[in-house]
Amino acid sequence: MMNFKLLIADDEKNIREGLARTFEEDGYETVCAADGEEAWKLFGKGDIDLVITDLRMPGIDGEELMRRILSLIPGFPVIILTGHGSIDNAISTTREGAWYYFTKPPNLDQLSLSVKRALENRMLVLRNRELAAEIERSRLSSSMIGKSSAMKKVFDTISRAGPTKASILITGESGVGKELVADAIHELSPRRDKPLVKVNCAALSESLLESELFGHEKGAFTGAVSRRRGRFELANEGTLFLDEIGEIDQNIQVKLLRVLQERKFERVGGEGTIETDVRIIAATNKDLKEEIEKGNFREDLYFRLNVVGVAVPPLRDRKDDIPLMAASFLREFAAENGKAVEEIHEKAYSRLFAYDWPGNIRELRNCIESAVVMCSKKVITVDDLPPSLQSAGEEDSVRIPLNISYDEAEKLILRAAIHFHKGNKSKAAEALGIGRKTLHRKLGESEDD
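Numbering of the sequence shown is given in my numbering, commencing with residue 4 and proceeding in unit increments.
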């Protein structure tokens with residue numbers, strides 16, 4: 004449990020000191036005030052996590068103290084204590100923002116439970132706020148998030164190459180976000196206000212792809228009932244993104260190479276030459292060097308496309324980015340589905356870290372969308388995850404990729420240990436031979452339950 008600090012304000016010495024002893028036995032730190040004025044001064048020091056205050060006190064009473072606190076920090080947990088004669092006033096304070104009220108003498112078990120829940124709620128709010136800020140700090144563009152060393156290299160390449168005219172080849176497994184990289188490059192380029200036109204080369208046959216890229220004249224083939232401009236014309240002065248470039252036929256490769264070299268082309272069935280000013284970004288999940296050796300891809304076209312290469316790592320090699328991406332997806336799908344889902348439980352996170360993500364970011368996005376839909380509370384648990392995730396990482400070992408930093412490898416071990424000990428961070432820290440505070444510090448998070 005985090006070392007929370009409680010402020011107890013009551014003009015009756017026995018009550019405030021008795022409550023202080025009780026909560027100190029529960030592991031909390033406490034400070035006491037004999038009236039509202041003293042309580043307000045203590046609160047101003049800024050290290051208080053929750054306030055328990057008597058409603059009736061000389062000078063500044065509990066109601067006024069609560070109003071001052073909530074005007075300064077909306078949503079701050081304040082619990083009101085009141086005598087039987089002031090219950091109506093205490094009830095009114097809950098409407099004004101008090102967490103709860105108790106009549107004197109309070110039931111200590113119920114009061115302790117209320118304090119625990121109030122602090123859990125406050126920590127949830129603070130964590131969500133910090134995570135939202137971290138997402139923005141770790142965002143390269145409107146669509147790309149990452150803080151791992153692997154993604155920092157990608158972001159650095161994008162930042163350097165984006166503002167130039169260079170052709171770019173994006174490589175990586177299916178689902179890693181190659182299209183997002185293309186979006187980010189276009190956003191950073193001088194062509195950002197011009198069209199970004201996208202073509203999925205794998206989805207079209209040779210004849211259809213040629214017409215799609217270069218356009219056609221009326222009557223060029225059966226069904227060509229009118230002239231049609233191709234993607235090179237539509238993307239003029241902008242950017243053309245050719246996804247799955249490794250799937251295109253040799254004949255299209257020759258024509259594409261000519262456009263890259265001469266900036267000229269003809270429509271299918273046309274005779275007039277059309278000039279174009281287009282920046283090319285291509286992407287593939289194939290090893291194009293291997294395709295060149297097989298005779299499936301032209302080497303000269305490869306070098307024309309690969310002026311700058313961006314290799315996007317698979318999600319299994321950048322697991323430090325999972326919390327940021329998962330939180331971003333959670334916020335997106337909670338809003339989209341009108342659900343009050345706010346957080347992912349630690350044990351559910353351990354499943355996300357243990358899983359290898361063969362479908363990469365696309366699979367993670369689908370997983371979080373499914374979990375939000377299935378979740379019936381504010382926190383996503385293991386039971387809300389898809390079946391393939393619920394059993395992830397049940398073995399007593401952890402996979403460490405060799406291309407990540409020492410700090411990232413250490414975090415994988417720490418999270419795997421937490422998962423192995425069923426979310427018990429104290430046991431995980433003990434097994435690892437470190438203190439609980441050290442475990443939280445190495446994970447870069449606040450210590451909590």
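A virtual CB, placed ideally from N, CA and C, is assigned to each residue, including glycine.
With contacts defined by Cβ atoms closer than 8 Å, Ala420 and Leu435 form a contacting pair. DSSP places Ala185 in the helix class (H, G or I) of the three-state scheme.
Between Asp359 and Ser151, the beta carbon gap of about 16 Å keeps them out of contact (Cβ cut-off 8 Å). If only complete runs of 3 or more residues are kept, the region 223 to 277 shows the beta strand (DSSP E) at 242 to 246 and 267 to 269, in order along the chain. Ile11: not part of any alpha helix (DSSP H); member of the beta strand (DSSP E) spanning Lys8 to Ala12, first to last residue.
Here Ile283 has Ser170 and Leu243 as same chain residues with Cβ atoms under 6 Å from its own Cβ, once five neighbours each way along the sequence are excluded. Gly438: not part of any alpha helix (DSSP H); DSSP gives it neither H nor E. Each residue's CA atom was taken as its position, placing Leu291 and Ser229 some 36 Å apart. Distance from His424 to Lys430 at the Cβ level is roughly 4 Å; contact confirmed, criterion being Cβ atoms closer than 8 Å.
Taking 8 Å as the cut-off, the beta carbon of Val385 is found closer than this to the beta carbon of Arg354. Nearest Cα to Gly178 within the set Asn363, Ile416 and Lys267: Asn363. Leaving aside the five residues that flank Ala36 on each side, the residues in its chain whose CB is nearer than 6 Å to its CB run, in chain order, Ala12, Ala42 and Leu45. Ile371 sits buried, since 16 or more C-beta atoms from the chains shown fall within 10 Å of its C-beta. Contact annotation: Gly272 and Ala223 have beta-carbon atoms nearer than 8 Å.
Between Arg418 and Lys428, the beta carbon gap of about 10 Å keeps them out of contact (Cβ cut-off 8 Å). DSSP places Val54 inside the beta strand (DSSP E), whose first and last residues are Leu53 to Asp57. DSSP, reduced to helix, strand and coil, places Phe158 within a helical segment of the structure shown. Assignment of Arg282 by DSSP, reduced to helix, strand and coil, places it in the strand class. Counting other Cβ atoms within 10 Å of its Cβ, Arg321 reaches 16 or more and is therefore classed as buried. As DSSP reads the structure, Tyr104 sits in a beta bridge with Ile83. Following the DSSP letters along the chain, one finds Thr25 inside the alpha helix (DSSP H) bounded by residues Lys16 to Glu28. Gly165 sits buried, since 16 or more C-beta atoms from the chains shown fall within 10 Å of its C-beta. Residue pairing for His348: DSSP places it in no beta bridge.
As the crow flies, the alpha-carbon of Lys156 is around 33 Å from that of Val382.
Put simply, the backbone Cα of Gln256 is about 44 Å away from that of Leu388.
Contact between Leu84 and Ile55 holds: their C-beta atoms lie close to 7 Å from each other, under 8 Å. Thr33 sits in a strand when the DSSP states are folded into three classes. Going by DSSP, Ile171 is part of no alpha helix (DSSP H) but of the beta strand (DSSP E) stretching over Ile171 to Thr174. Around Leu211, the same chain offers no residue with a beta carbon nearer than 8 Å, after the five sequence neighbours per side are excluded. Separation of Leu9 and Pro326 (C-alpha to C-alpha, rounded to the nearest whole angstrom) is 30 Å. Judged by pairs of C-beta atoms under 8 Å, the region 172 to 187 touches the region 304 to 315, as three or more such pairs exist.
When C-alpha distances from Gly298 are compared across Ala286, Leu318, Gly249 and Glu339, the shortest belongs to Gly249. In the three-state reduction of the DSSP assignment, Lys445 falls in the helix class. Residues Glu240, Gly241, Thr242 and Arg282 of the same chain have their beta carbon placed closer than 7 Å to that of Arg194, with the five preceding and five following residues left out of the count. In this structure, Pro77 keeps its C-beta atom at 8 Å or more from the C-beta atom of Trp102.
Arg261 and Met147 have their C-alpha atoms some 33 Å from each other.
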